[in-house]
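**Q** First to last, the protein sequences are chains A, B and C. When the letters of the first sequence are read in order and numbered with our numbering, they come out as residues 454 to 547. When the letters of the second sequence are read in order and numbered with our numbering, they come out as residues 62 to 536. When the letters of the third sequence are read in order and numbered with our numbering, they come out as residues 12 to 488. From the three backbone atoms N, C-alpha and C, an ideal C-beta is built for every residue, glycine too.
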Amino acid sequence: MKGISREDVRHLAWLAKIELSAQEEETLSKQMADILNYFKILDKIDTKSIEPAYHVREVKNVFRPDEPRKANPDEILKLAPAKKGRYVKAPKIV
Amino acid sequence: MKDDLGLKIGLEVHCQLTVLKTKLFCSCPSNYRGEDPNTNICEVCTGMPGTLPVLNEKAVEAAVKIALALDCKISESMNFFRKNYFYPDLPKNFQITQYDKAGGSPIAKEGLVETIAGIIRIRRIQLEEDPGKLSYEGTIVSSPISLVDYNRAGVALVEIVTEPDLKSPKHAREFLQKLRSILEHIGVCDGSLEGAMRCDANVSLFGGKRVEVKNISSFKEVERALNFEITRQKTMANVAKAEGMETRHWDDVRRVTVTLRVKEAEEDYRYFPEPDLVPITISKEYVADIRKRMPELPDGRKARFVKQYVISEEIAGVLVGEKLLADIFEESLRTRMASNLLGSWLAIDILGYLNRSEKTLADMKFKPKDLAELARKVEKKELTENTAKSVVIKAIEQGKSTFEFAKEGAAITDEKSIMDAVKEVFEANPKAVEDAKSDPKAINFLMGQLMKATKGRADHELARKTIEQAITAGS
Amino acid sequence: MKMQSAWEIAEGVRKGSISAVEIVEEFFERIEKHDKEIRAFITVSKDSAIQQAKEIEKKRREKKLGRLAGVPIAVKDNICTRGIETTCASKILKGYIPPYDATAVRMLKEEGAVIIGKTNLDEFGMGSSTEFSAFFATKNPRNLNHVPGGSSGGSAAAVAKGLSAVALGTDTGGSIRCPSAFCGVVGVKPTYGLVSRYGLIAYANTLEQIGPIANNVIDAALLLSCIAGHDPHDSTSIGENKDYTKFNSSAKKLKIGVPRQYFGEGTQKAVSDAVWRAIKKLEGEGAEVEEIDLKSVGYALASYYIIAMSEASSNLARYDGLRYGFQDSSGARDWSTLFSKDRKAGFGFEVKKRIMLGTFALSAGYFDAYYLKAQKVRNLIIQDFQRAFKKFDVLMGPTMPTTAFKLGEKTVDPLAMYMSDCDTVPANLAGIPAASIPCGSSNGLPIGLQIMATPFEEGKMLNVAKTLEDILGVYAE
Ligand SMILES: [Mg+2]
Ligand SMILES: [Zn+2]
Chain A
454 MKGISREDVR HLAWLAKIEL SAQEEETLSK QMADILNYFK ILDKIDTKSI EPAYHVREVK
514 NVFRPDEPRK ANPDEILKLA PAKKGRYVKA PKIV
Chain B
62 MKDDLGLKIG LEVHCQLTVL KTKLFCSCPS NYRGEDPNTN ICEVCTGMPG TLPVLNEKAV
122 EAAVKIALAL DCKISESMNF FRKNYFYPDL PKNFQITQYD KAGGSPIAKE GLVETIAGII
182 RIRRIQLEED PGKLSYEGTI VSSPISLVDY NRAGVALVEI VTEPDLKSPK HAREFLQKLR
242 SILEHIGVCD GSLEGAMRCD ANVSLFGGKR VEVKNISSFK EVERALNFEI TRQKTMANVA
302 KAEGMETRHW DDVRRVTVTL RVKEAEEDYR YFPEPDLVPI TISKEYVADI RKRMPELPDG
362 RKARFVKQYV ISEEIAGVLV GEKLLADIFE ESLRTRMASN LLGSWLAIDI LGYLNRSEKT
422 LADMKFKPKD LAELARKVEK KELTENTAKS VVIKAIEQGK STFEFAKEGA AITDEKSIMD
482 AVKEVFEANP KAVEDAKSDP KAINFLMGQL MKATKGRADH ELARKTIEQA ITAGS
Chain C
12 MKMQSAWEIA EGVRKGSISA VEIVEEFFER IEKHDKEIRA FITVSKDSAI QQAKEIEKKR
72 REKKLGRLAG VPIAVKDNIC TRGIETTCAS KILKGYIPPY DATAVRMLKE EGAVIIGKTN
132 LDEFGMGSST EFSAFFATKN PRNLNHVPGG SSGGSAAAVA KGLSAVALGT DTGGSIRCPS
192 AFCGVVGVKP TYGLVSRYGL IAYANTLEQI GPIANNVIDA ALLLSCIAGH DPHDSTSIGE
252 NKDYTKFNSS AKKLKIGVPR QYFGEGTQKA VSDAVWRAIK KLEGEGAEVE EIDLKSVGYA
312 LASYYIIAMS EASSNLARYD GLRYGFQDSS GARDWSTLFS KDRKAGFGFE VKKRIMLGTF
372 ALSAGYFDAY YLKAQKVRNL IIQDFQRAFK KFDVLMGPTM PTTAFKLGEK TVDPLAMYMS
432 DCDTVPANLA GIPAASIPCG SSNGLPIGLQ IMATPFEEGK MLNVAKTLED ILGVYAE
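#1: Any Cβ of chain C within less than 8 Å of the Cβ of GLY111/B?
#2: Bridge partners of ASN154/C, per DSSP?
#3: Compile a chain-ordered list of the residues in the segment 502-520 of chain A whose CB is closer than 9 Å to at least one CB of chain C.
#4: Among ILE376/B, ALA514/B, ALA399/B, LYS353/B, which has the Cα closest to the Cα of ALA364/B?
#5: Just to confirm before moving on: does the CB-CB distance between PRO167/B and GLN159/B stay below 8 Å?
#6: Which complete alpha helix (DSSP H) runs does the segment 84-167 of chain C hold, if anything under 4 residues is left out?
#7: What's the call for VAL314/B, buried or exposed, on a 16-neighbour Cβ count within 10 Å?
#8: Less than 8 Å between the CB atoms is what I'm expecting for GLU134/C and GLY359/C, so what's the real figure, rounded?
#9: Going by other Cβ atoms of all chains shown within 10 Å of its Cβ, with 16 needed for buried, is GLU465/B buried or exposed?
#10: Would the C-beta of HIS75/B count as close to ligand 1, meaning under 7 Å from any of its heavy atoms?
#11: Where does ALA303/B sit, in a helix, a strand or coil, going by DSSP?
#12: Between GLU522/B and ligand 1, is there a pair consisting of the residue's CB and a ligand heavy atom that are separated by less than 7 Å?
#13: Would you say GLN386/C lies against chain A (beta-carbon separation less than 8 Å)?
#14: Comparing the CB of LYS328/B with every heavy atom of ligand 1, is any distance shorter than 7 Å?
#15: Excluding sequence positions up to five away, which residues of its chain have a Cβ less than 6 Å from the Cβ of SER203/B?
#16: Taking Cβ positions only, does GLY240/C come closer than 8 Å to chain A?
#17: Please name the residue, chosen from LYS364/C, LEU205/C, ALA328/C, SER28/C, that lies closest to ILE457/A on a Cα-to-Cα basis.
#18: When we look at the beta-carbon of ALA95/B and count the other beta-carbons within 10 Å, is it buried (16 or more) or exposed?
#19: Considering only residues of the segment 160-229 of chain C, which uninterrupted beta strand (DSSP E) runs meet the minimum length of 3 residues and lie entirely inside it, listed in chain order?
#20: Work out the CA separation of LYS170/B and LEU1/C for me, nearest whole Å.
#21: Please tell me whether ARG522/A has its Cβ less than 8 Å away from any Cβ of chain B.
#22: Quick one: does GLU273/B have its CB under 8 Å from some CB of chain C?
#23: Check GLY517/B in the structure and name its three-state DSSP category.
#24: Determine the burial state of ASN154/B: buried for a count of at least 16 other Cβ atoms within 10 Å of its Cβ, exposed for fewer.
#25: Which residues in the same chain have their Cβ closer than 7 Å to the Cβ of SER400/B, if we skip the five residues on either side of it in sequence?
#26: Can you list the residues of chain A that PHE537/B reaches, using a CB-CB cut of under 7 Å?
#27: If you drop the 5 nearest sequence neighbours on each side, which residues of the same chain put their C-beta closer than 7 Å to that of GLN510/B?
#28: Tell me, please, whether the segment 287-298 of chain C touches the segment 483-500 of chain A by the rule of three or more beta-carbon pairs shorter than 8 Å.
#29: Do the segment 416-430 of chain C and the segment 533-544 of chain A touch if we need at least three Cβ pairs shorter than 8 Å?
#30: Considering only their Cβ atoms, is the gap separating ILE61/C from VAL35/C smaller than 8 Å?
#31: Check whether the Cβ atoms of LEU85/B and GLU190/B sit closer than 8 Å, and answer yes or no.
#32: Could you tell me which of GLY451/C, GLY332/C, ARG25/C, GLU469/C sits nearest to VAL286/C, measuring between CA atoms?
#33: Is ARG184/B helix, strand or coil by DSSP?
#34: Buried or exposed for GLU488/C, going by 16 or more other Cβ atoms inside 10 Å?
#35: Any C-beta of chain A sitting closer than 8 Å to the C-beta of ASP345/C?
#36: CA-CA distance, ARG63/C and VAL125/C?
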């Protein structure tokens, strides 16, 4: 990783669905490069034979019974900023 | 489809586990059909901040059944991953699914399904959550807005991914029908429910880039969409336009595919292990227990039908192609009578009628045993086969639960009445009677005239015998 | 007026010598008087609190009072409270009223605790100073020119100033312990899995826990006893219900390990002196103390930030303005533009930066070098701790390398801010319990001592904390 170009920043912002101002793009490309550069400290450790610790506790097989329970749909629907009838309204897709 | 096109078709089939009472990760009722929008929702399946998923126990069992039915290798341990992408129907803007890289392990892989046109290899099957449902004002392209209903969000899906082994659009349809019958036999997915089985198709031609067609909602549509897409890609190739990797949407109203998005590169879903769910171990004992309880599958049932009921492979194949059809057949045949007759009625006449008239087996309101009784009457010569069949079709047409015979509808089986009818026909057709003495084909003509005169009610065999005897006697 | 501890309030309310309504009103008076300058609260829920207190009075007559009867509690604003606005100190959730209670909140209510308000934090917990709140910065009650620490700065400041008897915080990489150290109160990050995360608005799922912030060890232990336990809504919760309030104050034969890595370059002398003084006192009481090496701890910070940012980038994807929260009203013509505008206006710069870095660390081609690598290093850190705990009952060191820094001192240099978490993040990566208790001060600013124990040994850890507290005295205003 040489650094983070404005192009890289724009692509990541597109993936993350965040519109950025030109100023933000500029600052981010500099700060992100610094931080990613710091992260490279990890390259010093050999982890070839180490498993990742995706879960810190060894818990397995947690389930829920298949029993229906009616919730509070109206309280939830009320939170949507734009609605049409009982639908949540969104802009066009294509 | 000719082979020199280099046609490659692979399918990703999403099957809802309609056997479950609740969604995959929350306790909302999973049957959203017929409900008002956004009523089967809770804080978990709408992705409210702070909520966490908890896995439905029965979903694992259902998926293992599918894995066994498709001859897959079942993982000893499986885990869930997040597939990150934004879309308005996706409440958390990531989908909880399974993955086969980065330490991921879906519930099963490497299975196969046999079809008439060859073996389809199954790459993997995985458990995942359904997104919500989008609807539009008009079509997806013309609608200025989209409307989101989260009732479907979080419903348990099993995604079945095939290798690109499908040879043609028709083959794709055949495979899907077989798959549906398998799922119905193991009782996890009711394919007759709208949207319970949906598929995305990957198509490539001439070794070109893969195009993904989404939103295919029925098996008929699969064939149509694939045919359209193949023609479109051929045309594109002819005008030498390079195909980019692309996702297209099947517009089933206009019956065309439209561009949804062009991928600059392989989509970057940023998969990583779902931190809020723990790994699931699937022990050999657990699988063995399910295997013991596995019901009969279509292939086994077909073989049994052929043996037990002495019917043809073809008819048996058609019958088990749809679980309900096979059930009706067996239900009708508790006493093992008239199996050939009933088999061909169901597999050819009834199914043919249903397909032509866009009806389904559910439109048959009468009882299977009544149908069997009818076949028995035909076998006992109390009724002609033609009459019986037309009575059945009429009952389906009118949605009746009982069979109705016209007053004069009963079969004519007594010798005297037949003899009288034959006499009338002979008097009206002297030339044919003369010809019949030397030309057996003329007998067929006379038979036809007789059936016409008796409105098809004359017993076939008896009528032919009577005509033949009368001609022999007259010469 | 003498500050009453939470356990004293609960005892008084149960016996009938204290009125729950009066005590709650007393705390609101203090909030009205002091919160204008401290700014610990984003929301004050006076009406519902008085209502809750009245119900407790009613229940007293029926003798059905819980362990926290009438105790005013402040809840960090990233923990869901049904019917009370919960913002994560972010514009994107302004006005959001959760349709459910976090499990910890429900358990507290069942024990009779009264929720008096929601406290300030760094937006979504992303910060160590509570300056990155979208609304306002909270100030350190010990010195108003200094930060209270973060991200649970509002909770720690409220408890330190006596605006709430106790508080809930959340700790992803030190967010309970850092402000507890800076404000001079007791903070506990429980073992990963002991307290349900259901209703804790996720920043980094595999690292964070809800935990107590209190003015003394007994209160912290009492609060922890009320929120610990298995929750069927959280697949990663495995805790049992235990009572942590039974202490036997003794340091005899206690084996204390002191990792050298916790006294690194950036550690202020006043801090290391105060911490060592406290450890020596325990040695004087019969504890065995040994300096040790925990080599992998030097890599903890990088590992921590990669994991936290990666998980955050996914957790925060849901804030698109469709189902709840802020929606841009300029009439975006397609969904992608709308989402991008909602998130542009809804998130602060620090949050955007972490989402961007997390997106990067998970993206194709970089996953192995960043996220996977960080999780492997995390495993080494876990193993290092496991080895250490074979020999020692607890590990000790400073909570923070420095005392509270000045407001604005580190906001321009993100790496400098991140570095200040160096002593707290290892416990989150290892999933072990860790507590911060006051052990002295420098220029009027408190110093926190950190105690770490092996998973689910909160009892042992709090026992040591109580012993130290008995020796050093409660640091209170
Ligand atoms: Mg899928
Ligand atoms: Zn739900």
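**A** So, from the listed chains and residues:
#1: yes
#2: ASN151/C
#3: ILE503, GLU504, PRO505, ALA506, TYR507, HIS508, VAL509, ARG510, VAL512, VAL515, PHE516, ARG517
#4: ILE376/B
#5: yes
#6: 114-121
#7: exposed
#8: 5 Å
#9: exposed
#10: yes
#11: Because ALA303/B carries a pLDDT of 49, less than 50, the predicted location of this residue cannot be relied on, and the following value inherits that uncertainty. DSSP places ALA303/B in coil when its eight states are reduced to three.
#12: no
#13: yes
#14: The amino acid at residue 328/B is misidentified as Lys; the sequence shows Glu. GLU328/B: no, Cβ never under 7 Å from ligand 1.
#15: none
#16: no
#17: LYS364/C
#18: It is worth fixing the name first, because residue 95/B is Gly in this sequence and not Ala. By the neighbour-count rule (16 or more Cβ atoms within 10 Å), GLY95/B is not buried but exposed.
#19: 177-182, 197-200, 220-225
#20: Because chain C in this structure spans residues 12 to 488, residue 1/C falls outside the shown range and cannot be described.
#21: yes
#22: no
#23: coil
#24: buried
#25: TYR370, VAL371, ILE372, LEU394
#26: The requested residue 537/B is not part of the displayed model; chain B covers only 62 to 536.
#27: VAL486, ASN490
#28: no
#29: no
#30: yes
#31: yes
#32: GLY451/C
#33: strand
#34: Because the pLDDT at GLU488/C is just 37, under 50, the model does not fix this residue reliably, and the point stays unresolved.
#35: yes
#36: Reading the sequence as shown, one finds Gln at residue 63/C and not Arg. Rounded to whole angstroms, GLN63/C to VAL125/C spans 6 Å at the Cα level.
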